[in-house]
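Let me begin by presenting the structure, written as C-alpha cells, before commenting on it.
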Amino acid sequence: MFDKILIANRGEIALRVLRACQELGIATVAVHSTADADAMHVRLADESVCIGPPPAKDSYLNIPALLAACEITGADAVHPGYGFLSENARFAEILADHNVHFIGPKAEHIRRMGDKIEAKRTAKALGIPCVPGSDGGVTSDEEALKIARGIGYPVLVKAAAGGGGRGMKVAQHEDELTTALATARSEAKAAFGDDAVYLEKYLQRPRHIEIQVLGDGKGNAIHLGERDCSLQRRHQKVLEESPSPALNVSGRNTIGDIVTQAMRELQYLGLGTVEFLYEDGQFYFIEMNTRIQVEHPVTEMITGLDLVLEQIRVAAGGDLPLTQAEVEFRGHAIECRVNAENPSTFLPSPGRITSYHPPGGLGVRVDSAVYQGYTIPPFYDSMVGKLIVHGKTRTECLMRLKRALDEFVVDGIETTLPLFQKLVRNQDIIDGNYHIHWLEHFLADGGMSR
Ligand code: MV4
Numbered sequence: 003m004f005d006k007i008l009i010a011n012r013g014e015i016a017l018r019v020l021r022a023c024q025e026l027g028i029a030t031v032a033v034h035s036t037a038d039a040d041a042m043h044v045r046l047a048d049e050s051v052c053i054g055p056p057p058a059k060d061s062y063l064n065i066p067a068l069l070a071a072c073e074i075t076g077a078d079a080v081h082p083g084y085g086f087l088s089e090n091a092r093f094a095e096i097l098a099d100h101n102v103h104f105i106g107p108k109a110e111h112i113r114r115m116g117d118k119i120e121a122k123r124t125a126k127a128l129g130i131p132c133v134p135g136s137d138g139g140v141t142s143d144e145e146a147l148k149i150a151r152g153i154g155y156p157v158l159v160k161a162a163a164g165g166g167g168r169g170m171k172v173a174q175h176e177d178e179l180t181t182a183l184a185t186a187r188s189e190a191k192a193a194f195g196d197d198a199v200y201l202e203k204y205l206q207r208p209r210h211i212e213i214q215v216l217g218d219g220k221g222n223a224i225h226l227g228e229r230d231c232s233l234q235r236r237h238q239k240v241l242e243e244s245p246s247p248a249l250n251v252s253g254r255n256t257i258g259d260i261v262t263q264a265m266r267e268l269q270y271l272g273l274g275t276v277e278f279l280y281e282d283g284q285f286y287f288i289e290m291n292t293r294i295q296v297e298h299p300v301t302e303m304i305t306g307l308d309l310v311l312e313q314i315r316v317a318a319g320g321d322l323p324l325t326q327a328e329v330e331f332r333g334h335a336i337e338c339r340v341n342a343e344n345p346s347t348f349l350p351s352p353g354r355i356t357s358y359h360p361p362g363g364l365g366v367r368v369d370s371a372v373y374q375g376y377t378i379p380p381f382y383d384s385m386v387g388k389l390i391v392h393g394k395t396r397t398e399c400l401m402r403l404k405r406a407l408d409e410f411v412v413d414g415i416e417t418t419l420p421l422f423q424k425l426v427r428n429q430d431i432i433d434g435n436y437h438i439h440w441l442e443h444f445l446a447d448g449g450m451s452r
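Numbering (the working numbering), first residue to last: 3 to 452.
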C-alpha cells in the first residue's frame with residue numbers, strides 16, 4: 003500500500019480523498035493555489051504545498067509544480083480527483099517516469115477513451131451497443147452524406163476530441179449537413195485543436211444512464227449498477243439518482259454484464275464510468291470516463307462500498323473487494339449538486355458564506371468543503387457541496403430529500419437550493435418521468451417562477 007498520497011485537487015473531492023486516506027492510515031499531502039490557502043483540504047491534510055497563483059493552469063494544472071511537490075514531500079502516489087489532470091494520460095506517464103503512482107487507469111486506457119472515435123471503436127469491438135453512425139471519422143462531405151442517408155435523419159456531428167457538448171451539431175435534413183459539418187469542425191478546431199468529427203443518428207429524447215465499473219488491471223472487473231444523470235443544464239449534471247427509474251433488474255443485469263465483460267477483456271484498472279443514452283429500452287454507448295465522478299456517492303450509498311478506498315487499493319495492486327455475485331444494491335439514492343449560483347439565471351454567486359447549517363439525520367450525507375465564514379473564490383467551479391440522500395424506496399428517498407432540503411441553510415451567497423425545492427415537488431420528477439432535455443424545458447417554461 004502507499005505511504006503518502008498527494009491529492010492533486012481542491013474542494014469537496016480533495017476532502018473526500020483525504021478522508022479515505024485517513025481511514026487507510028495513509029499520510030496526505032494537500033496542494034493549493036494562493037486563492038485556496040484557507041481551504042478545508044489544506045487544513046485537514048498532514049502537509050500542504052502551495053503550487054501557484056489562482057488560475058488553474060498555473061496551479062492545479064501545473065505538472066512541474068506538482069512533481070516538485072511530490073519530490074519535496076516524498077509522496078509515492080497522486081490522486082487526481084475529477085477534472086484538472088484526472089484524464090490526462092501524459093500526466094500519468096510523467097508521474098510513472100518519476101516513480102510516483104497515478105491513482106487511476108492505465109495511461110493507454112485514459113488516452114484511448116479521451117478520443118471519442120477511438121473510444122467508440124473500442125466499445126464496438128468489445129460488444130458494447132453503440133449509436134448507429136460512421137465507422138470512425140468522416141473525412142469528406144460526400145462520405146458524410148452517404149452515411150447519413152444510410153442511418154436516416156436527424157443526424158448529429160460530433161467532435162472526436164469533444165466532451166461537454168462542444169463541437170456538436172444536429173442536421174435535421176440533408177440540406178443542413180454540410181453546414182453542420184463545417185461548424186462542428188471549426189468549433190472543434192478552436193476548442194480542442196483537432197477538427198476530427200464523426201456522425202451519429204441523433205436520438206431525440208433519450209435518458210443519460212451510466213454504469214459504474216471497477217477493474218483490477220489483471221482481467222477482473224465488476225459493475226456497481228447505474229446512475230441516471232438525465233437532469234442536466236448546459237451539459238452540467240444537476241441531480242443524479244440510482245437506480246434509474248427507467249430500468250428494471252433484468253435491464254440492469256444485461257447492460258451490466260456486457261460492460262463488465264468488456265472491462266475484463268480490456269484489463270481495465272481502477273474506476274470507470276461507461277456512459278449510455280437510453281431510449282425505447284435500448285442502450286447506446288456514447289463515452290467512457292476514466293476518473294472518479296462527482297456523482298460517485300450515489301453508487302456508494304446503494305452498494306455500501308467506499309469507491310475512493312477501492313480506487314486506491316486497486317492502484318496499489320490490490321484485489322477487487324467483491325465478486326459480481328456479492329455486489330448488492332440496497333434502496334435508492336439521489337444527489338443534488340448545490341452550486342453558488344442564482345437558481346433561475348445560474349449566474350455565479352461567489353462570496354462569503356455568513357451562515358452554514360447542513361442537514362443531517364438518517365440517510366443524509368453532505369459532501370462539501372465549505373464552512374461558515376468561508377469565501378467561495380471566483381476562479382473555480384461554483385459547487386458549494388453535494389447533498390446525497392438514501393432511502394429504502396424512491397418514495398422514501400424523495401421525502402427524505404425534501405426534508406433535508408428544508409433543513410439546509412446557506413446564507414450570504416445565492417445557491418441552487420430553491421431549484422431542488424421545486425424539483426422534488428414536480429410531478430414528472432416524482433414519477434421519474436424525465437429525459438436529457440427535461441430540465442431545460444422546465445426552466446424555459448418558467449418552472450422557477452411558478
Ligand atoms: C447525443 C445526443 C443525441 N444523440 N448523441 C451531449 C454531450 C455528449 N457527452 C453527448 N451528448 C449527446 N449525445 C446522439 N447520438 C444527445 C446528447 C446530449 C446530451 C447527452 C447527455 C446528457 C445531456 C445531453 C444534453 C444535450 C445533448
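Glycine included, each C-beta is placed from N, C-alpha and C at the ideal position.
Grouping DSSP H, G and I as helix and E and B as strand, with all else coil, what is methionine 290?
-> strand
In its own chain, which residues sit with a C-beta less than 7 Å from the C-beta of isoleucine 260, not counting the 5 before and 5 after it?
-> Gly129, Ile130
Kindly indicate which three-state DSSP category valine 19 falls into: helix, strand or coil?
-> helix
Flag isoleucine 304 as yes when its Cβ comes closer than 7 Å to any non-hydrogen atom of the ligand MV4, and as no otherwise.
-> no
Kindly confirm or deny that the segment 327-339 and the segment 243-252 touch, where touching means at least three C-beta pairs closer than 8 Å.
-> yes
Extent of the continuous alpha helix (DSSP H) to which glycine 253 belongs = 251-268
Under 8 Å between the Cβ atoms of alanine 10 and tyrosine 62?
-> yes
Give a yes or no on contact between the segment 431-441 and the segment 198-209, applying the rule of three or more CB pairs nearer than 8 Å.
-> yes
Is it buried or exposed for proline 107, if we count other Cβ within 10 angstroms and need 16 for buried?
-> buried
Glutamine 174 beta carbon near the ligand MV4 (any heavy atom closer than 7 Å) | no
Near leucine 201, what residues of its chain come up, given a Cβ to Cβ distance below 8 Å and the 5 sequence neighbours on each side ignored?
-> Gly135, Ser136, Val140, Ala146, Ile149, Ala150, Ile153, Val157, Leu158, Val159, Lys160
Neighbourhood of arginine 229 by C-beta, 6 Å cutoff - its chain only, sequence neighbours within 5 removed = Glu212, Glu242, Ser244, Glu297, Val300
Neighbourhood of glycine 365 by C-beta, 7 Å cutoff - its chain only, sequence neighbours within 5 removed = Val391, His392, Gly393, Arg402
Between which two residues does the beta strand (DSSP E) containing lysine 239 stretch?
-> 238-244
Taking the DSSP output, what are the residues bridged to aspartate 369?
-> Lys388
Do you know whose CA, among Pro247, Ala318, Cys231, Val251, lies nearest threonine 2's CA?
-> Nothing can be reported for residue 2, as the shown portion of the chain is limited to 3 through 452.
Reference tyrosine 280; option with closest CA among Leu307, Leu271, Ala248 | Ala248
Can you grab the Cα-Cα spacing for the pair threonine 256 / methionine 265, in whole Å?
-> 15 Å
Distance, Cα to Cα, leucine 445 vs serine 346?
-> 8 Å
Which full runs of the beta strand (DSSP E) of 3+ residues lie inside the segment 375-434, going along the chain?
-> 385-393, 411-413
Mind checking whether the beta-carbon of tyrosine 204 lies closer than 7 Å to any heavy atom of the ligand MV4?
-> yes
Sorted by chain position, which residues of the same chain lie with C-beta nearer than 8 Å to isoleucine 112's C-beta, five sequence neighbours on each side aside?
-> Glu89, Asn90, Ala91, Ala94, Gly106, Thr292
Where the beta strand (DSSP E) containing threonine 36 begins and where it ends = Looking at the DSSP string, threonine 36 is not in any beta strand (DSSP E), and its letter there is neither H nor E.
Please work out which residues of its chain come closer than 8 Å, Cβ to Cβ, to leucine 311, disregarding the five sequence neighbours upstream and downstream, and give them in chain order.
-> Ala22, Glu25, Leu26
If you drop the 5 nearest sequence neighbours on each side, which residues of the same chain put their C-beta closer than 8 Å to that of valine 251?
-> none
Valine 51 beta carbon near the ligand MV4 (any heavy atom closer than 7 Å) = no
Through-space distance from valine 426 to histidine 443, alpha-carbon basis | 16 Å
Whole-angstrom distance between phenylalanine 104 and valine 80, CA atom to CA atom | 5 Å
Could you check what DSSP says for glutamine 326 in three-state terms: helix, strand or coil?
-> helix
Return the Cβ separation of phenylalanine 331 and threonine 305 in integer angstroms, given the expectation that the two are a contact with Cβ distance under 8 Å.
-> 7 Å
Reference lysine 191; option with closest CA among Gln263, Val316, Ala162, Ala16 | Ala162
Would you check if the distance between the CB atom of isoleucine 53 and the CB atom of valine 31 is smaller than 8 Å?
-> no
To the nearest angstrom, how far is it from the Cα of leucine 407 to the Cα of arginine 18?
-> 22 Å
Local conformation of lysine 108 per DSSP, three classes = coil
Candidates Arg168, Gly167, Ala182: closest to glutamine 174 by CA position = Ala182
Report, in whole angstroms, the separation of the C-beta atoms of glutamine 269 and lysine 239, which I expect to be a contact under 8 Å.
-> Incorrect: roughly 29 Å between the Cβ atoms, too far for contact.
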